[in-house]
Every structure is written in C-alpha cells, then in structure tokens.
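Remarks on the structure that follows.
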Amino acid sequence: MSDVDELVAAVRRSSKYGRVCEDAVRGVGERELAKGRRLKDAIKATKKKLHQVGGAYLEGGMDYAAWLDDLRAASGNEGDFRWACAQVMRHHASTKERFQVLDEFYAAVLAGLPPVRSVLDLACGLDPLAIPWMGLPDGATYHAYDIYEDMVDFLRAFMKLTQVRGQALACDVLQSCPLPKVDLALVLKSIPCLEQIDRAAGAQLLDAIDADHLLISFPVHSLGGRDKGMPTNYEARFRELVAGKDWAIKRFEFATELAFLITRF
Ligand SMILES: C[S@@+](CC[C@H](N)C(=O)[O-])C[C@H]1O[C@@H](n2cnc3c(N)ncnc32)[C@H](O)[C@@H]1O
C-alpha cells in the first residue's frame, strides 16, 4: 500500500473524518506528504487541515435522521417548514451566522436577476436549508457539493421536500466535482477555507465555474468572533481575483458577511 493510500485509510478510520469523501482526504493528504512529512505526521496534519476547513464549522451532534423526521413533519406548512430549516441551520457555523440576516440576504442579492432556474452551491455546508428563502421557481435545479458524505445524503433527502430538483454530491471542489452550466453559482464564505488548502483555489474556481451570475462571499468575523481586519483583507483578495476580468460586480455588505454578485456577459 502506498503512503497516500495508508494515510487515506487511517484518516477515514477515525470517527470524526470517516465520512469525509475519499478524494478530499486524498487531496489534502497528498499535499501534506509532498511537504516531506513522515506518514504519522502527515496523517495528523491532514486531520488538522480537515478540521480547519470543515469540522470546525459543525456545531453540536449532526443528527441528520432526526432532522429529516422534523422537516418531513413540518413540510405541509410553510411557516413550520422554515422554522424546522432554521433549527438545522444552527448546526453549521456559517448558516447559523447567516440566519441573522437571512430574510434580507437572498432577497437583496437576487433582486433584479431574471428567474434563477439552476443553482450550483459549492462547498455548501447547510446552505441548501435556505432554499425556502431563495425564491426559486418550481422545478429549478439545485446542485449542492460538500466533502461530507452524510451531510450530502441528508441534503439530497431534504431537497425532495422543497420545490427544487436537487442533486447533492460529496466531492472535493478543488479536484473532482462536475461543474454544470447554471444561472447562479454560490461560493459562500468558502474561498478562505479552500485557499488554506491551495492558494490558487479561488482563481481556479472562478475560471472553472460556468455560470451567468456568481455570488461570492466572505466572513466578516473569524469563527472565534473576532474581526482581525477581515472585511478589508478579504475585499482586497476578492479584487485581486477579479482584476482584469470584464465582469459586472455588485457589492453587498451585511452585518455578518461581505458578498459580491458577479455577472458575466
Ligand atoms: C465556511 S464553510 C461555508 C459553508 C457554506 N458555503 C455557507 O456559507 O453556509 C466551508 C464549507 O466548505 C466545505 N469544504 C471545505 N473544503 C472543501 C472542498 N475541498 N470541497 C468541497 N467542500 C469543502 C466544508 O465542509 C464547509 O461546509
């Protein structure tokens, strides 16, 4: 067995990372081994990195089966269904934070766009739970990708309770996710995470995504709640990523998130 195969097997044997898809573990592991680390150290470093980019955002137990029961029970009533979605969104730091501004978030950024019939939500976390707030037309397609197999199984079942035709896939957006042409791509608060793995990730993704509109956002506080000049630094990074592109850009500042809507012609 090669070192990288051993690393992947060891990381996926652990309860915390056992449901992280194989290509994401392999991608991070190969980079750690390439730094010349010994296998044992590379395994440790891979787990640490997966924690930083994924595990650190998961809050409380992820009881997907119980959440699905609650969502199914609530699905006949719009208010109850939104309430059940909100309860689930509290279990991922990103959606928990966005929930404070959710009533304005999608309404503001999607105002003025033609009907969005297809969405690609990359490194989505639990953001698809916000579908009831997005105003998508019946039958819209929604592709949601994250590295957690159990999360995407849940998202697939969840989307059956909504008006969209959902597809959810566990994959590493840095290497192997299909990128269908869509009306709107969402890359919410994940460029900083992905660039911790590969500094070129943001630039490569922006080039590879085939969408008329892209919503890119950045956190304004760290997970620990401190500001650390993040909005200024992330805006500078975003401007670097779009420098020289002939794209229309609208900027939105929310209490919890800085967002940019890119329109390509
Ligand atoms: C900061 S959170 C953002 C979640 C979501 N986009 C939102 O804003 O609500 C980053 C997410 O990226 C996912 N992730 C990290 N690395 C990834 C990769 N290589 N491919 C796909 N998803 C990834 C994590 O599991 C986590 O859910």
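The numbering of the sequence shown is the working numbering, which starts it at 30 and goes up by one.
C-beta: ideal position from N, C-alpha, C; glycine also.
Since this is a predicted model, take the numbers as computed values, not measurements.
| Opposite His172 in the DSSP bridges: which residues? | Leu149, Gln196
| task | Could you give the DSSP three-state label for Asp92: helix, strand or coil? | result | coil
| Would you call Gly231 buried or exposed, if buried means 16 or more other Cβ atoms sit within 10 Å of its Cβ? | buried
| field | Alpha-carbon spacing of Ala137 relative to Asp70, whole angstroms | value | 46 Å
| field | Burial state of Glu133 (16 or more Cβ within 10 Å) | value | exposed
| task | Please go through the same chain and pick out, in chain order, the residues whose beta-carbon is closer than 6 Å to the beta-carbon of Asp99, but skip the five residues on each side of it. | result | Ala113
| request: Please determine if the segment 51 to 68 and the segment 188 to 196 are in contact, where contact requires at least 3 C-beta pairs separated by less than 8 Å. | output: no
| query | Going by C-alpha distance, which of Pro209, Ala214, Met91 is nearest Met180? | reply | Met91
| Leu131 and Phe187 look like a contact to me (Cβ under 8 Å); what is the Cβ gap, rounded to whole Å? | Going by Cβ atoms, the distance from Leu131 to Phe187 rounds to 16 Å, so no, they are not a contact pair.
| query | What do you reckon, is the C-beta of Tyr177 under 7 Å from a heavy atom of ligand 1? | reply | yes
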